[in-house]
Amino acid sequence: MYAALVESVVKILQKADFNVADLAETKPRCFDIVARKDDVVLLIKVLYNVDSLKPEAAEEMKKLTKILRASPIVIGERFKFDFLERGVVYTRYGLPVINLATFYDFVVEGIYPYVYSAPGGYYVKLDSERIREARERLGLSVGDMAKMLGVSRRTVKKYEEGTDTTLSTAAKIEEIIGTFAIKEIDLLNFVEANVNEEEEIEGEEGEIIEQLRVIGLSVYPVRQAPFDAVSQAREDQILTGFKQVREIEKRAKLLGRISEAIDAEAAYITDKVCRKKVESVVFLVKEELYSVSSAKDFISLLKEKSCEE
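For the sequence shown, the working numbering begins at 1 and goes up steadily by one.
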């Protein structure tokens with residue numbers, strides 16, 4: 001089920017002309033697919049049953065959302081004992097959750113969902129300005145509107161201030177004012193996340209992070225991604241690896257696929273001399289960091305090494 005779902009997501013993205021990197025065979029990972037089209041970067045977690053989403057994975061996805069200026073989406077088909085419905089957005093640990101059909105509508109057809117699920121049923125976001133303008137155009141007072149809806153004047157005022165409501169109430173409002181009255185759900189800007197750069201990591205990896213910061217880069221360590229940190233120098237983003245694993249070149253290839261998909265730089269910092277480059281990933285020996293005095297020089301070093309054979 002999972003493999004078929006991942007394959008379907010990739011096909012949908014390719015149909016919509018996204019540049020795609022599939023990471024489904026990699027562990028650990030807080031996202032399974034990364035994709036980019038123009039300025040849109042998607043971090044996608046695929047789970048047949050979305051109840052299996054771990055809170056730590058969700059938090060890491062939200063963190064990367066902020067750092068990479070990306071949009072996280074969880075795609076699944078079931079939760080608890082029910083199926084996810086088409087056109088409905090669910091929420092899990094603050095992340096938007098949709099099914100494959102809704103994802104297809106959004107990515108391929110450009111159709112945004114309007115309905116979200118919350119305790120008690122289905123809800124929508126009202127277009128408060130449109131409702132007020134339509135009511136006034138029809139010559140209806142707030143009291144008139146309240147009587148027609150069977151609610152209080154205070155409730156109508158809340159609707160015109162942007163309070164969300166149930167799907168059934170929204171339908172009644174639209175019937176009265178004779179026009180569309182709900183807002184689409186912006187999946188690309190669904191998540192608001194804060195990032196703590198000052199996370200401390202001990203040992204040799206901590207020394208590398210500290211030296212990168214001394215140079216002048218902002219460094220955001222991550223734990224559940226195929227890279228170890230995202231380093232930033234102004235507008236430049238560098239997916240950074242520094243774990244000294246046995247199959248370091250294999251890991252670098254994966255890092256390169258991700259960097260190419262989202263159009264970012266990629267660097268792997270090692271203890272000893274390795275290959276100069278694996279695909280788009282530049283290798284640096286740790287000692288080279290101490291010869292660099294600024295973030296600008298660090299970027300220049302990466303570009304210089306990238307041009308070497």
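The beta carbon of each residue, even a glycine, is placed where N, CA and C say it ideally should be.
It should be emphasised that the depicted structure is a prediction, and the values quoted were computed from it without experimental measurement.
Would you kindly work out how many angstroms separate the C-alpha atoms of T65 and F18, rounded to a whole number? Residue 65 sits at position 65 when you count from the first residue of the sequence shown. Residue 18 sits at position 18 when you count from the first residue of the sequence shown. Approximately 18 Å, taken between the alpha carbons.
In the DSSP assignment, find the unbroken alpha helix (DSSP H) run with A295 in it and report its ends. As a working note, residue 295 is residue 295 in the sequence shown. Per DSSP, A295 belongs to the alpha helix (DSSP H) from A295 to S306.
Tell me the residue span of the alpha helix (DSSP H) that contains F103. Within the sequence shown, numbered from 1, the residue matching residue 103 stands at position 103. Here the alpha helix (DSSP H) through F103 covers L100 to V107.
Mapping DSSP to helix, strand and coil, what is A96? Within the sequence shown, the letter at position 96 stands for residue 96. One point to set straight first is that residue 96 is Pro, not Ala, in the sequence displayed. Looking at P96 - three-state DSSP - the assignment turns out to be strand.
For the stretch 122 to 135 against the stretch 97 to 108, are there 3 or more C-beta pairs whose distance is under 8 Å? no
Assign K62 to buried or exposed, taking buried as 16 or more other Cβ atoms, counted over all protein chains shown, within 10 Å of its Cβ. Position 62 of the sequence shown, counted from the first residue, corresponds to residue 62. Under this definition K62 is a buried residue.
Which residues mark the beginning and the end of the beta strand (DSSP E) in which S231 is found? As a first step, residue 231 is located in the sequence shown; it is residue number 231 there, counting from the start. Note, S231: beta strand (DSSP E), A229 to A233.
Quick check: what's the CA-CA separation for F242 versus E205? Here the question's residue 242 lines up with position 242 in the sequence shown. Here the question's residue 205 lines up with position 205 in the sequence shown. Whole-angstrom Cα-Cα distance: 7 Å.
Alpha carbon to alpha carbon, what distance is there between V88 and V282? The sequence position of residue 282 within the sequence shown is 282, counting from 1. The sequence position of residue 88 within the sequence shown is 88, counting from 1. Computed Cα separation, rounded: 43 Å.
Any idea what DSSP makes of T65, helix, strand or coil? By 1-based counting over the sequence shown, the position of residue 65 is 65. Helix, per DSSP.
According to DSSP, is S71 part of a helix, a strand, or is it coil? Within the sequence shown, the letter at position 71 stands for residue 71. Strand, per DSSP.
Closest by CA to K253, which one among S280, Q237, T270 and L42? Residue numbering aside, residue 253 sits at position 253 when the sequence shown is read from its first letter. K253 has its Cα closest to that of S280, out of S280, Q237, T270 and L42.
Should A3 go down as buried or exposed, given a rule of 16 or more other Cβ atoms within 10 Å for buried? Within the sequence shown, residue 3 is the residue found at index 3, counting from 1. A3 is exposed by the Cβ-count criterion.
Give me the Cα-Cα distance between R135 and N189, rounded to the nearest whole angstrom. Taking the first residue of the sequence shown as position 1, residue 135 is located at position 135. Taking the first residue of the sequence shown as position 1, residue 189 is located at position 189. Roughly 30 Å separates the two Cα atoms.
Does the distance from the C-beta atom of V107 to that of I262 stay below 9 Å? Taking the sequence shown and counting its residues from 1, one reaches residue 107 at position 107. Taking the sequence shown and counting its residues from 1, one reaches residue 262 at position 262. No.
Enclosing beta strand (DSSP E) for R36 [first to last residue]: One-based indexing of the sequence shown puts residue 36 at position 36. Segment I33 to K37, the beta strand (DSSP E) holding R36.
Over the uninterrupted beta strand (DSSP E) stretch that includes A181, give me the two end residues. Taking the sequence shown and counting its residues from 1, one reaches residue 181 at position 181. First-last for A181: undefined, no H or E at that position.
Sorted by chain position, which residues of the same chain lie with C-beta nearer than 8 Å to S259's C-beta, five sequence neighbours on each side aside? Here residue 259 refers to the residue found at position 259 when the sequence shown is read from its first residue. The residues are L239, E265, A266, S280 and V281.
To the nearest angstrom, how far is it from the Cα of Y220 to the Cα of R130? Mapped onto the sequence shown, residue 220 falls at position 220. Mapped onto the sequence shown, residue 130 falls at position 130. Going by the C-alpha atoms only, they are around 42 Å apart.
Euclidean distance between Cα positions of E313 and I111: Shown here, the chain extends from 1 to 309; a query on residue 313 therefore has no answer.
Burial state of K45, where buried means 16 or more other Cβ atoms lie within 10 Å: Here residue 45 corresponds to residue number 45 of the sequence shown, with the count starting at 1. Label assigned to K45: buried.
Given this structure, state the Cα-to-Cα distance separating I299 from G120, to the nearest angstrom. The residue labelled residue 299 in the question sits at position 299 within the sequence shown. The residue labelled residue 120 in the question sits at position 120 within the sequence shown. Going from the Cα of I299 to the Cα of G120 covers about 52 Å.
Would you check if the stretch 164 to 177 and the stretch 139 to 156 touch, i.e. whether three or more CB-CB distances between them fall below 8 Å? yes
Using 8 Å for Cβ pairs, my map puts L53 next to R92. What's the rounded Cβ distance? Locating residue 53 in the sequence shown gives position 53, where the first residue counts as 1. Locating residue 92 in the sequence shown gives position 92, where the first residue counts as 1. Yes, they are in contact, since the Cβ atoms of L53 and R92 sit about 5 Å apart, within 8 Å.
Quickly, what does DSSP pair A267 with across the bridge? List them, please. Within the sequence shown, numbered from 1, the residue matching residue 267 stands at position 267. Its beta-bridge partners are T240 and V282.
Can you tell me which of the three DSSP states G216 falls into? Position 216 of the sequence shown, counted from the first residue, corresponds to residue 216. Three-state DSSP puts G216 in coil, outside helix and strand.
Look up V142 in the DSSP assignment and say whether it is helix, strand or coil. Locating residue 142 in the sequence shown gives position 142, where the first residue counts as 1. It is helical.
Count the other C-beta atoms from every protein chain shown that fall within 10 angstroms of the C-beta of D186, then say buried if there are 16 or more, exposed otherwise. Taking the first residue of the sequence shown as 1, we reach residue 186 at position 186. Exposed, since its Cβ has fewer than 16 Cβ neighbours within 10 Å.
Report whether the distance from the Cβ of Y93 to the nearest heavy atom of the ligand MN is below 8 Å. The ligand MN is not among the ligands present in this structure, which contains no ligands whatsoever.
Close-in-space but distant-in-sequence residues of the same chain around A229 (CB under 7 Å, 5 per side omitted): The residue given as residue 229 occupies position 229 in the sequence shown. Excluding residues within five positions, the ones whose Cβ falls inside 7 Å are I209, V219, Y220, P221, V222 and T240.
Report, in whole angstroms, the separation of the C-beta atoms of V41 and A70, which I expect to be a contact under 8 Å. Against the sequence shown, residue 41 aligns to sequence position 41. Against the sequence shown, residue 70 aligns to sequence position 70. Confirmed, Cβ separation roughly 4 Å.
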